[in-house]
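Each residue of the sequence shown is one higher than the one before, starting from 4 at the first, in the working numbering.
As structure tokens, the structure follows; a few thoughts come after it.
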Amino acid sequence: MALCRNDPAQYDQLVDQWWEPAGGFAMLHWFAAARAERIPTAPRPGAVLVDLACGGGLMAPHAARLGYRHVGVDLGVPGLQVARAHGTLPVRGSVLEVPLADGCADVVVAGEVLEHVEDDVAVLTECARLLSPGGTLVIDAIADTRLARLVAVRLAEKVPGGPPPGIHDPGLFVDRRRLLAAADRLGLDLRLVGWRPSLRDVVAWKLGRRDGVRMRSLPTTAVLFAGHGRKHR
Numbered sequence: 004m005a006l007c008r009n010d011p012a013q014y015d016q017l018v019d020q021w022w023e024p025a026g027g028f029a030m031l032h033w034f035a036a037a038r039a040e041r042i043p044t045a046p047r048p049g050a051v052l053v054d055l056a057c058g059g060g061l062m063a064p065h066a067a068r069l070g071y072r073h074v075g076v077d078l079g080v081p082g083l084q085v086a087r088a089h090g091t092l093p094v095r096g097s098v099l100e101v102p103l104a105d106g107c108a109d110v111v112v113a114g115e116v117l118e119h120v121e122d123d124v125a126v127l128t129e130c131a132r133l134l135s136p137g138g139t140l141v142i143d144a145i146a147d148t149r150l151a152r153l154v155a156v157r158l159a160e161k162v163p164g165g166p167p168p169g170i171h172d173p174g175l176f177v178d179r180r181r182l183l184a185a186a187d188r189l190g191l192d193l194r195l196v197g198w199r200p201s202l203r204d205v206v207a208w209k210l211g212r213r214d215g216v217r218m219r220s221l222p223t224t225a226v227l228f229a230g231h232g233r234k235h236r
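Next comes the structure, spelled out in structure tokens:
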């Protein structure tokens with residue numbers, strides 16, 4: 004039987020691995036820590052961080068450390084239950100039509116989600132709607148390039164700690180020019196940077212000498228990229 008890629012049921016099947024540092028979602032732990040480095044300390048008590056496609060809530064400890072209420076949005080009930088257990092306020096809903104009020108968020112995180120939807124610009128539109136003026140946006144995704152299809156699918160799915168086989172559909176990878184053009188229209192000052200896991204850290208992690216792996220910046224956004232920006236005031 005042919006592999007059905009980008010099947011949301013995979014997340015439910017792997018729900019017990021969300022908080023396993025060496026489990027099927029190991030790389031997402033590394034991503035969450037890297038995202039947190041781009042988020043400012045909460046500007047006031049009660050500041051809100053909305054985490055789109057939050058899964059098992061891996062951003063929760065980072066949001067708490069920075070002083071935010073962590074609101075996680077996802078369609079998967081099993082993942083939301085795990086997220087709640089780790090301090091997330093869970094909200095069941097689609098990232099294409101988030102059931103939260105306009106301007107409710109000081110920070111919006113949309114990590115590892117743009118390459119899983121048919122309309123990534125619609126997700127960016129929701130990010131802009133949710134952000135208060137001056138709010139921070141943090142994203143990451145996989146670029147729509149031949150190199151990304153080779154690295155992120157054919158190679159990464161065979162690497163321990165990499166993405167579970169079939170989790171990505173290359174047909175949904177993100178057109179960076181289209182994304183940046185949409186950001187301009189939506190009043191978002193968005194900058195992209197390439198990134199990758201530190202190869203030295205990956206080796207140390209595999210040998211049990213590190214708990215996690217740091218993400219390193221790259222001059223090219225042709226495979227994995229992160230985005231950081233603000234909503235215009």
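All C-beta atoms in this analysis are idealised placements derived from N, C-alpha and C, irrespective of residue type, glycine included.
Predicted, not measured: the structure shown is a model, and the values here were computed from it.
Mind checking which residues open and close the beta strand (DSSP E) that includes residue i?
i	result
P93	92-95
D54	51-55
P200	191-200
G114	108-114
H73	72-77
L221	218-221
Any idea what DSSP makes of residue i, helix, strand or coil?
i	result
P136	strand
L150	helix
G174	helix
E23	coil
D320	With the chain represented from 4 up to 236, any question about residue 320 goes unanswered, as that position is not in the structure.
H119	helix
M4	Reliability of the predicted coordinates at M4 is poor, the pLDDT of 36 falling under 50, and no value is obtained from them.
G211	coil
A131	helix
R158	According to the sequence as given, residue 158 is Leu; it is not Arg. Three-state result, L158: helix.
Check for me: the alpha helix (DSSP H) holding residue i runs from which residue to which?
i	result
H235	No alpha helix (DSSP H) contains H235, which DSSP labels as neither H nor E.
H32	29-39
A67	63-69
V98	Element bounds for V98: n/a, residue is neither H nor E.
R188	179-188
G82	80-88
D15	12-16
If you compare alpha carbons, which of the options is closest to residue i?
i	options	result
V216	D122, P81, G232, F34	F34
P222	L195, D122, V124	L195
M62	P46, R87, W198	R87
P81	Y14, D54, G190	Y14
A104	V112, A67, E129	E129
L83	C107, W21, V110, R72	W21
Can you round the beta-carbon distance between residue i and residue j to whole angstroms, since I take them to be within the 8 Å contact cut?
i	j	result
A140	G232	Residue 140 is actually Leu in this sequence, not Ala. So it is a contact: roughly 5 Å between Cβ atoms.
A151	A225	6 Å
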